[in-house]
Amino acid sequence: MYILGINAYHGDVSAVLLNDGDLVAALEEERFRRIKHVAGFPTNAIQRCLDIAGIDAADLDHVAISRDPSAHFGKKVQFVLTERPSLKLVWERAMSSRKVTNVEGDLAEALGVSQSRLPPLHNVEHHPAHLASAFFVSPYDEAAVCALDAMGDFVSTSWAMGQGNHMETLGRVYYPHSLGLLYTAITQFLGFPYYGDEYKVMGLAPYGEPTYTDELRELIPLGEEGQFELSLGYFRHWQEDYDMDWEEGRPDFGKVYTPELEELLGPEREPESELTQRHKDIAHSLQAVHEENAFHVLNAVHEQTGADRLCLAGGVAMNSVANGKVRANTPFEEVYIQPAAADNGTALGAAFHVWHEEMDRPRSFVMNHTLWGTSYDDDRVPEIVADQPEAASKYQWTTYDDLDRLCKKTAQLLADGKVVGWFRGRMEWGARALGNRSILADPGRADARDRINNRVKYREEFRPFAPSILEEAVDEYFAGYDTPGSENTGAAPDPFMQQVYPVREEKREEIPAVTHVDGTGRLQAVGKGRNPAYHKLISAFAEKTGTPVVLNTSFNENEPIVESPEQALDCFFRTAMDAVVVENTLVMRQPVETAASEDTGPQ
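Its first residue numbered 1, the sequence shown is counted upward by one per residue in UniProt numbering.
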């Protein structure tokens with residue numbers, strides 16, 4: 001039985017495909033539309049899901065969408081009568097809901113069939129989809145489940161107890177109160193205006209001090225049993241002329257905060273203007289208060305469930321700094337965070353919600369890797385390179401029949417200080433590049449950060465780079481956080497790069513390029529069974545350098561992660577990367593002054 005899951009009419013639209021409860025494909029539309037966090041309808045992602053499975057629309061048995069306009073209707077009416085939001089805001093929300101109720105037309109067009117031939121359509125409420133995306137693909141038969149985000153279907157936070165193939169919702173926090181919108185408001189205040197910029201503030205936070213925590217606590221009084229409320233006088237998303245725009249697929253929120261926030265914190269920062277110490281202190285204070293708020297909710301969740309294991313979802317669960325501290329600040333002993341924890345993951349959750357909750361089917365699938373996207377062969381790579389102007393004098397390229405030799409050559413390039421694009425196998429699901437669509441460098445070279453920022457990524461200098469480390473070496477290089485009882489939790493070997501941990505002090509000089517200013521790193525534990533080729537590459541690098549770690553950043557340049565060989569090579573040509581691997585072909589710029597340059601021709 002095939003179930004198509006979609007997230008549509010919101011940011012991060014996506015599609016997934018299940019076959020008898022097992023995941024076949026999971027794709028984000030932004031990789032095809034080439035617009036970050038693209039909104040609208042996931043037409044391309046849907047078609048690629050069918051292509052990967054080798055089926056067509058007639059083979060689909062059910063479709064699930066992670067929106068339900070009818071959810072919490074009474075709460076919505078109560079909100080309008082009590083808070084009296086602007087008519088414009090009510091109209092915009094009504095039009096957004098109308099799109100969801102008319103999904104059949106867009107779905108029929110995407111599938112190339114008439115509406116009369118569509119399979120049954122299931123509307124799955126946004127937050128149950130988040131919860132399902134975390135629990136039903138986790139390795140746990142029983143766990144507490146919590147979703148923290150901006151909002152969806154009038155809910156911003158929810159939690160449940162998951163057992164087997166069912167979940168029981170235990171608590172909710174309703175719109176307009178939201179941990180996610182608080183973080184968004186301060187992100188905008190600090191001069192980062194774009195949808196999804198919150199991660200930049202998280203990266204900026206360690207450069208500051210917690211001098212504004214009291215002021216920020218004023219924005220969000222905490223209640224009992226995990227509840228909280230925004231001090232709504234500082235926010236405008238709930239009442240005033242607040243714009244939500246998806247022009248040409250680019251998601252854009254209007255300003256979330258009111259002038260009262262400037263009275264509390266001082267003047268806002270203009271985008272692209274100087275980042276002062278005050279801005280860094282506000283960022284640090286925001287992260288500190290955010291962690292207090294998140295742990296307030298999670299400790300209440302533990303008290304209500306008594307569970308030892310926790311599954312997290314929602315856009316707020318992309319805050320990897322807070323995620324790494326959960327076990328030290330709550331009684332939870334294990335944490336699972338699905339790699340597409342934001343709204344892209346609700347497509348996954350909607351599909352699994354139908355399979356388990358509505359059809360009562362048993363669980364059989366565990367997501368232990370992210371490689372659920374498209375894949376390509378490299379037949380076209382030499383031709384694409386040869387077609388470049390003056391190709392023979394600018395590049396040399398070699399196709400390898402032996403993966404061991406390819407990994408050794410690439411490892412030598414990295415050891416020699418080169419920046420290398422790495423494009424192999426199926427594309428990753430989720431926001432992180434985890435070894436199949438990555439740009440790699442030697443973490444032992446402190447200047448690697450500046451080289452990549454200034455020559456390849458062209459991004460803010462304060463943002464950290466992440467380490468990919470052999471799973472078996474995690475304990476040697478990373479520590480956990482101390483609990484209130486001074487017991488160290490240890491670093492979890494997270495395969496999805498969703499948790500930040502301290503780099504052990506004795507290792508920080510060995511891997512400075514992936515050690516942030518506060519001595520931490522957002523690690524990816526690379527297991528041999530999860531990604532054999534990437535594990536082999538890092539192992540080859542370890543043999544040459546003694547360090548089982550590489551610097552890993554997403555394969556892109558101010559755009560979505562590359563999806564195809566053409567996009568990978570285009571990124572290589574227009575930036576200052578030294579080399580790129582596309583499947584089994586290594587392309588290097590001339591001259592290449594490394595030991596790897598000795599081999600040319602087919603290998």
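Yeah, the Cβ is synthetic: ideal placement off N, Cα and C, and Gly gets one too.
Contact belief for residue i with residue j at Cβ below 8 Å, rounded distance in angstroms
{"i": "Y336", "j": "S138", "result": "4 Å"}
{"i": "I55", "j": "A15", "result": "Wrong, their Cβ atoms sit about 13 Å apart, outside the cutoff."}
{"i": "V456", "j": "T575", "result": "5 Å"}
{"i": "S468", "j": "V549", "result": "7 Å"}
{"i": "P331", "j": "H302", "result": "5 Å"}
{"i": "T410", "j": "L537", "result": "6 Å"}
{"i": "V587", "j": "F423", "result": "Not confirmed; about 10 Å, so no contact."}
{"i": "L470", "j": "A542", "result": "7 Å"}
{"i": "L219", "j": "L182", "result": "6 Å"}
{"i": "A328", "j": "Y481", "result": "4 Å"}
{"i": "F465", "j": "I452", "result": "7 Å"}
{"i": "A134", "j": "I65", "result": "Rounded, the Cβ-Cβ distance is 18 Å, inconsistent with contact."}
{"i": "L283", "j": "V381", "result": "Here residue 283 turns out to be Ala, not Leu, going by the sequence shown. So it is not a contact: roughly 42 Å between Cβ atoms."}
{"i": "L523", "j": "F478", "result": "6 Å"}
CA-to-CA distance, residue j to residue i, given in whole angstroms
{"i": "N123", "j": "H290", "result": "31 Å"}
{"i": "Y234", "j": "L18", "result": "43 Å"}
{"i": "A317", "j": "V256", "result": "20 Å"}
{"i": "A313", "j": "D404", "result": "37 Å"}
{"i": "S554", "j": "G430", "result": "11 Å"}
{"i": "P206", "j": "D401", "result": "45 Å"}
{"i": "S597", "j": "Q412", "result": "Caution is warranted here: a pLDDT of 46 is assigned to S597, below 50, making its placement in the model unreliable, and no coordinate value can be reported."}
{"i": "A595", "j": "T545", "result": "At A595 the pLDDT is 45, less than 50, meaning the model places this residue with poor confidence; the figure from the coordinates comes in the next sentence. Distance between the alpha carbons of A595 and T545 is about 14 Å."}
{"i": "G162", "j": "Q388", "result": "55 Å"}
{"i": "T211", "j": "E198", "result": "20 Å"}
{"i": "residue 610", "j": "P128", "result": "Because the chain spans 1 through 603 in this model, residue 610 falls outside it and cannot be assessed."}
{"i": "R33", "j": "N44", "result": "8 Å"}
{"i": "T489", "j": "R309", "result": "14 Å"}
{"i": "L50", "j": "M497", "result": "28 Å"}
{"i": "Y534", "j": "L414", "result": "14 Å"}
{"i": "D245", "j": "L107", "result": "22 Å"}
{"i": "A525", "j": "V500", "result": "12 Å"}
{"i": "V13", "j": "E383", "result": "33 Å"}
{"i": "E229", "j": "G266", "result": "23 Å"}
{"i": "P42", "j": "I35", "result": "12 Å"}
{"i": "A185", "j": "V155", "result": "18 Å"}
{"i": "D68", "j": "D378", "result": "42 Å"}
{"i": "A26", "j": "A473", "result": "30 Å"}
{"i": "L216", "j": "G306", "result": "31 Å"}
{"i": "E334", "j": "V326", "result": "9 Å"}
{"i": "H177", "j": "G152", "result": "12 Å"}
Interface flag, residue i vs chain B, CB-CB below 8 Å
{"i": "L261", "result": "Looking for chain B here will not work: only one protein chain is present."}
Neighbourhood of residue i by C-beta distance below 6 Å, restricted to the same chain and skipping five residues each side
{"i": "T213", "result": "S285, A288, V289"}
{"i": "D61", "result": "M1, Y2, P119"}
{"i": "A132", "result": "G349, F352, H353"}
{"i": "T520", "result": "V500, P502"}
Beta-carbon proximity list for residue i, same chain, < 8 Å, skipping 5 on both sides
{"i": "T600", "result": "Its pLDDT being 44, under 50, T600 is placed unreliably by the model, and nothing is read from it."}
{"i": "G358", "result": "Before going on, a small fix: residue 358 reads as Glu here, not Gly. For E358, where only same-chain residues beyond five positions count, the Cβ hits under 8 Å are H122."}
{"i": "T258", "result": "G233, Y234, F235, R236, E240"}
{"i": "E104", "result": "Q115, L118, L121"}
Assigned exposure category for residue i - 16 Cβ within 10 Å defines buried
{"i": "Q78", "result": "exposed"}
{"i": "A110", "result": "buried"}
{"i": "Y458", "result": "exposed"}
{"i": "H166", "result": "exposed"}
{"i": "residue 632", "result": "With the chain covering only 1 through 603, there is no way to say anything about residue 632."}
{"i": "V145", "result": "buried"}
{"i": "E29", "result": "buried"}
{"i": "Q188", "result": "buried"}
{"i": "N531", "result": "buried"}
{"i": "N102", "result": "exposed"}
{"i": "D149", "result": "buried"}
{"i": "G5", "result": "buried"}
{"i": "N558", "result": "exposed"}
{"i": "N368", "result": "exposed"}
Close beta carbons around residue i, own chain, < 7 Å, minus the five adjacent residues each side
{"i": "A448", "result": "A441, D442, A513, L551"}
{"i": "S364", "result": "G21, D22"}
query: What are the start and end residues of each continuous alpha helix (DSSP H) run of 4 or more residues lying completely inside the region 108–193, in chain order?
result: Entirely contained in the region 108–193, the alpha helix (DSSP H) runs reaching 4 residues are, in chain order, 126–135, 179–189.
In chain order, each alpha helix (DSSP H) run of at least 4 residues that lies wholly inside the region 391–442: Counting only runs of 4 or more, we get 391–394, 403–415.
field: beta strand (DSSP E) segments (min. 3 residues) lying fully within the region 347–391
entry: Runs found: none.
Runs of beta strand (DSSP E) lying entirely within the region 21–60, each at least 3 residues, in chain order: Unbroken beta strand (DSSP E) stretches of 3 residues or longer found wholly inside the region 21–60: 22–28, given in chain order.
task: Return the chain-ordered ranges of every beta strand (DSSP E) run that is complete within the region 205–276 and spans a minimum of 3 residues.
output: The region 205–276 contains no whole beta strand (DSSP E) run of 3 or more residues.
- prompt: Could you give the uninterrupted runs of the beta strand (DSSP E) lying entirely in the region 282–327, keeping only those of 3 residues or more?
  reply: With a minimum length of 3 residues, the continuous beta strand (DSSP E) runs that stay inside the region 282–327 are 309–313.
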